[in-house]
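Enquirer: Note that full-length UniProt numbering gives residue 422 to position 422 of the sequence shown, counting from 1, and the numbers run on in steps of one.
Just so it is clear, CB atoms sit at the ideal spot from N, CA and C, and this is done for glycine as well.
My structure is below; once you've seen it, I'll send some questions.
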Amino acid sequence: MRPHPSVVDFTKLLNAIVKMKHYSVALSMFDKMCESGLPMNEYTMTIAINCYCLQHRVNYGFSILSSFFKLGYEPHVTTFNTLLKGLFLVDKLLREKLCEPNEVTFLTVINGLYKAGQTLTARDLLVLLVKGSFKLHVCSYNTIIDSLCKDRMVDDAFQFLSKMIERGISPTVVTYNSMIQGLCNFGKFREVKDLLSEMEAYNISPNVVTFSILVDAFCKEGMVEEAEDVMATMTQRNVCPNIVTYNALIDGYCLRGQMDKAREVFGSLGDRGLKPTIISYNRLINGYCKKGKVDEAWNIFLAIPGKGLEPTMVTYGTMLHGLFRKRRCDDGWKLFSEMQERKVLPDLLTYNTLLHGLCKNEQISESFSVLRRMKDNGVDPDIETYNLLIKGLCKHGKFDIARDILNELPSKALRPNVRTFTIIISALSQEGQTEEAKIF
1 MRPHPSVVDF TKLLNAIVKM KHYSVALSMF DKMCESGLPM NEYTMTIAIN
51 CYCLQHRVNY GFSILSSFFK LGYEPHVTTF NTLLKGLFLV DKLLREKLCE
101 PNEVTFLTVI NGLYKAGQTL TARDLLVLLV KGSFKLHVCS YNTIIDSLCK
151 DRMVDDAFQF LSKMIERGIS PTVVTYNSMI QGLCNFGKFR EVKDLLSEME
201 AYNISPNVVT FSILVDAFCK EGMVEEAEDV MATMTQRNVC PNIVTYNALI
251 DGYCLRGQMD KAREVFGSLG DRGLKPTIIS YNRLINGYCK KGKVDEAWNI
301 FLAIPGKGLE PTMVTYGTML HGLFRKRRCD DGWKLFSEMQ ERKVLPDLLT
351 YNTLLHGLCK NEQISESFSV LRRMKDNGVD PDIETYNLLI KGLCKHGKFD
401 IARDILNELP SKALRPNVRT FTIIISALSQ EGQTEEAKIF
């Protein structure tokens, strides 16, 4: 039995047929691929979506896109561009009632677009559907509102909230939680208060998620007393705080340097029927490291495995920063090695933390070793990585090497920022090389 052609061969053939505008033939081949159980990739499916759009059968295109996301394929911008070309046809189809799309299909597509970071495409699709006679469920609006808020497009989210209310679709506590989170990200607590009043007017009670968002936002702003007031309100309303709520409060105390209070809350979790998570430990470790109490942070770090938890990249990164800050370079290197042995792959932030510690402690040659290791592990250095190296080099008077790195940045598709030039100018000025500093 002859082996089937590969998915690459099939895709090339489909592409050639589409270029000859034989869309029906291409779709027939695509159907046979599906029936035969042959593997497909995102390019094959994009070709099929394009064919359906060109045939004015956009509802079938949406069905394929729905399957696309369900199969876990990584979407490509071409796929979305193809769909967008067909959106004008969707508008025509909806207005002329030539097809009846399934909301489950559209909701799957909207969710997929959102998860792929294509918020604006998802928004445009929803707007198009709203213009037609298609009645969407609150879940579709919630998905877009949440996505817009996470993308810091809160004004657009408010517009969508107004539209859903105008169309007789009542917002839920999920809708308001997304909006409140979006406003809290900008520190707009007065507007948050207005939204909470609006919730009451619609007879929507804040839940533990709502209150946790507020506690977290107040704590991040250093407004721990306000966070404590929210906790008191929860008690009055018989809403039990969960581990997310308490983790936020622990973080608030840690950020204020009130480690005794943070430990008190941490120690009370068991009595409240809650089990600390790795986030709970991360918050305490960060608090102690910021206070310079690395031994206390280290003891907490060592206790993690005994609690059935595994340190995360954040745990290691925080601990590394604390160790290098106290010039405990050997311990930092050992921890970095342990991290890799445990298959916790360092990310860009972790590598930058390591570089910062090494440069600060005058270990320049080791810094370049880390840079090589980054590249070998497929982690692309960013401008902050090179700023750290340049600062370390300038600190030790190695301006020629620092200048070479600066000159190589364009070839790495990176541009120096204000911090880059500030580092160099400051270092040159301190060395009395004011004329050379003026060049920058």
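For residue 179, is the classification buried or exposed, using 16 other Cβ atoms within 10 angstroms of its Cβ as the cut-off for buried?
Expert: By 1-based counting over the sequence shown, the position of residue 179 is 179. The residue in question, residue 179, is buried, as its Cβ has 16 or more Cβ neighbours within 10 Å.
Enquirer: Residues in its own chain within less than 7 Å of residue 119 by CB, not counting five upstream and five downstream?
Expert: The residue you call residue 119 lines up with position 119 of the sequence shown. Around residue 119: 147, 148 and 151.
Enquirer: Take residue 468 as the anchor and find which of 361, 400, 397 and 418 has the nearest alpha-carbon.
Expert: The structure shown does not extend to residue 468, since the chain is modelled only from 1 to 440, so the question has no answer here.
Enquirer: Please determine, among 137, 136 and 160, the residue with the shortest C-alpha to C-alpha distance to residue 145.
Expert: Looking up residue 145 in the sequence shown gives position 145. Residue 145 has its Cα closest to that of 160, out of 137, 136 and 160.
Enquirer: Should the stretch 253-272 be regarded as contacting the stretch 306-314, the criterion being three or more beta carbon pairs within less than 8 Å?
Expert: The stretch 253-272 vs the stretch 306-314: no contact.
Enquirer: Is DSSP giving residue 169 helix, strand or coil here?
Expert: Numbered from 1 along the sequence shown, position 169 holds the residue referred to as residue 169. Of the three classes helix, strand and coil, the one that applies to residue 169 here is coil, per DSSP.
Enquirer: Nearest-angstrom Cα distance between residue 327 and residue 292?
Expert: Position 327 of the sequence shown, counted from the start, is the residue given in the question as residue 327. Position 292 of the sequence shown, counted from the start, is the residue given in the question as residue 292. Whole-angstrom Cα-Cα distance: 11 Å.
Enquirer: Can you tell me whether residue 376 is helix, strand or coil according to DSSP?
Expert: Counting from 1 along the sequence shown, the entry for residue 376 is found at position 376. Helix, per DSSP.
Enquirer: Measuring alpha carbon to alpha carbon, tell me which residue in 166, 410 and 393 is nearest residue 426.
Expert: Residue 426 sits at position 426 when you count from the first residue of the sequence shown. Taking only the C-alpha atoms, the option nearest residue 426 is 393.
Enquirer: For a test of the three-state rule: what should DSSP assign to residue 258, helix, strand or coil?
Expert: Position 258 of the sequence shown, counted from the start, is the residue given in the question as residue 258. Coil, per DSSP.
Enquirer: Which residues in the same chain as residue 7 place their Cβ atom closer than 8 Å to its Cβ, once the five residues preceding and following it in sequence are excluded?
Expert: Position 7 of the sequence shown, counting from 1, holds the residue named residue 7. Same-chain partners within the cutoff: 38, 39, 40, 41 and 44.
Enquirer: By Cβ distance below 8 Å, which residues in the same chain neighbour residue 289 in space, the five residues on each side in sequence not counted?
Expert: Here residue 289 refers to the residue found at position 289 of the sequence shown. Cβ neighbours of residue 289 beyond the five flanking positions: 297, 318, 319, 321, 322 and 325.
Enquirer: Mapping DSSP to helix, strand and coil, what is residue 412?
Expert: Taking the sequence shown and counting its residues from 1, the one referred to as residue 412 is at position 412. The answer is helix: DSSP assigns residue 412 an H, G or I state.
Enquirer: For the alpha helix (DSSP H) containing residue 52, name the first residue and the last one.
Expert: Numbered from its first residue, the sequence shown carries residue 52 at position 52. From DSSP, the alpha helix (DSSP H) with residue 52 extends over 42-54.
Enquirer: Would you grab the beta carbon distance between residue 177 and residue 213 for me? Rounded to a whole angstrom, and I think it's under 8 Å.
Expert: Indexing the sequence shown from 1 puts residue 177 at position 177. Indexing the sequence shown from 1 puts residue 213 at position 213. About 6 Å; that satisfies the 8 Å criterion.
Enquirer: Buried or exposed, going by whether 16 or more other CB atoms sit within 10 Å of the CB of residue 186?
Expert: Your numbering for residue 186 matches position 186 in the sequence shown. Residue 186 is exposed by the Cβ-count criterion.
Enquirer: So the alpha helix (DSSP H) residue 280 belongs to, where does it begin and stop?
Expert: One-based indexing of the sequence shown puts residue 280 at position 280. First-last of the alpha helix (DSSP H) with residue 280: 278-290.
Enquirer: In whole angstroms, what separates the C-alpha of residue 259 from that of residue 198?
Expert: Sequence index remark: in the sequence shown, residue 259 carries index 259 (1-based). Sequence index remark: in the sequence shown, residue 198 carries index 198 (1-based). Approximately 37 Å between the Cα atoms of the pair.
Enquirer: If you follow the alpha helix (DSSP H) that residue 332 is part of, which residue opens it and which one closes it?
Expert: Counting from 1 along the sequence shown, the entry for residue 332 is found at position 332. It spans 329-341 - the alpha helix (DSSP H) in which residue 332 sits, taken as one unbroken run.
Enquirer: Given 8 Å as the limit, is there contact between the stretch 334-351 and the stretch 359-367, that is, 3 or more CB pairs closer than that?
Expert: No, the stretch 334-351 is not in contact with the stretch 359-367.
Enquirer: Would residue 186 pass as an interface residue toward chain D - the criterion being a Cβ-Cβ separation below 7 Å?
Expert: Checking the listed chains, one finds no chain D in this structure; it contains a single protein chain.
Enquirer: Do you know whose CA, among 404, 412 and 363, lies nearest residue 380's CA?
Expert: By one-based count along the sequence shown, residue 380 stands at place 380. The shortest C-alpha separation from residue 380 is found at 412.
Enquirer: When the Cα atoms are used, what is the spatial distance from residue 156 to residue 122?
Expert: As a first step, residue 156 must be located in the sequence shown, where it is residue number 156. As a first step, residue 122 must be located in the sequence shown, where it is residue number 122. Straight-line Cα distance between these residues: approximately 13 Å.
Enquirer: Can you check which of these residues, 239, 222, 223 and 312, is closest to residue 210 by C-alpha distance?
Expert: If you number the sequence shown from 1, residue 210 lands on position 210. Of 239, 222, 223 and 312, the residue nearest in Cα terms is 239.
Enquirer: Could you please give the first and the last residue of the uninterrupted alpha helix (DSSP H) stretch that includes residue 465?
Expert: The chain is shown from 1 up to 440; residue 465 falls before or after that span and cannot be answered.
Enquirer: So, for residue 142: in the same chain, excluding its five sequence neighbours on each side, which residues have a beta-carbon less than 6 Å away from its beta-carbon?
Expert: For the purposes of this step, residue 142 is taken as residue 142 along the sequence shown, with counting starting at 1. These residues qualify, in order along the chain: 174 and 175.
Enquirer: With a threshold of 7 Å on Cβ separation, who are the neighbours of residue 192 within its own chain once the five nearest residues in sequence on each side are excluded?
Expert: For the purposes of this step, residue 192 is identified with residue 192 of the sequence shown, where counting begins at 1. Correct list, in chain order: 180, 183 and 184.
Enquirer: Closer than 8 Å by C-beta to residue 12: which residues in its own chain qualify, once you throw out the five before and the five after it? Chain order, please.
Expert: By one-based count along the sequence shown, residue 12 stands at place 12. Cβ within range, chain order: n/a, list empty.
Enquirer: Once DSSP output is grouped into helix, strand and coil, what is the label at residue 150?
Expert: Locating residue 150 in the sequence shown gives position 150, counting from the first residue. Of the three classes helix, strand and coil, the one that applies to residue 150 here is helix, per DSSP.
Enquirer: Within its chain, find whatever has a CB closer than 7 Å to the CB of residue 228; leave out the 5 residues flanking it on each side and keep chain order.
Expert: Counting from one through the sequence shown, the residue named residue 228 turns up at place 228. Closer than 7 Å at the Cβ level, and outside the excluded window around residue 228, lies no residue.
Enquirer: Give the DSSP-derived three-state secondary structure of residue 312 in the structure shown.
Expert: The residue labelled residue 312 in the question sits at position 312 within the sequence shown. Residue 312 falls in the coil class under three-state DSSP.
Enquirer: Kindly list the residues whose CB is nearer than 8 Å to the CB of residue 202, restricted to its own chain and excluding five residues on each side of it in sequence; keep chain order.
Expert: In the sequence shown, counting from the first residue as 1, residue 202 sits at position 202. Contacts found: 170 and 171.
Enquirer: Assuming residue 281 and residue 300 make a contact with CB atoms under 8 Å, what is their CB distance in whole Å?
Expert: Residue numbering aside, residue 281 sits at position 281 when the sequence shown is read from its first letter. Residue numbering aside, residue 300 sits at position 300 when the sequence shown is read from its first letter. The pair is a contact, with the Cβ atoms about 6 Å apart (cut-off 8 Å).
Enquirer: Taking all protein chains shown into account, do 16 or more other C-beta atoms lie within 10 angstroms of the C-beta of residue 92, making it buried, or fewer, making it exposed?
Expert: Counting from one through the sequence shown, the residue named residue 92 turns up at place 92. Note that residue 92 has pLDDT 49, beneath the 50 cutoff, so the model's placement of it is unreliable and the number below is only indicative. Looking at its Cβ environment, which holds fewer than 16 other Cβ atoms inside 10 Å, residue 92 is exposed.
Enquirer: Using 8 Å for Cβ pairs, my map puts residue 245 next to residue 208. What's the rounded Cβ distance?
Expert: In the sequence shown, residue 245 corresponds to position 245, counting from 1. In the sequence shown, residue 208 corresponds to position 208, counting from 1. The pair is a contact, with the Cβ atoms about 7 Å apart (cut-off 8 Å).
Enquirer: Quick check on residue 1: does DSSP put it in helix, strand or coil?
Expert: What you label residue 1 is simply residue 1 of the sequence shown in a count that begins at 1. Because residue 1 sits at a pLDDT of 45, beneath the cut-off of 50, its placement in the model cannot be relied upon, and the point is left open.
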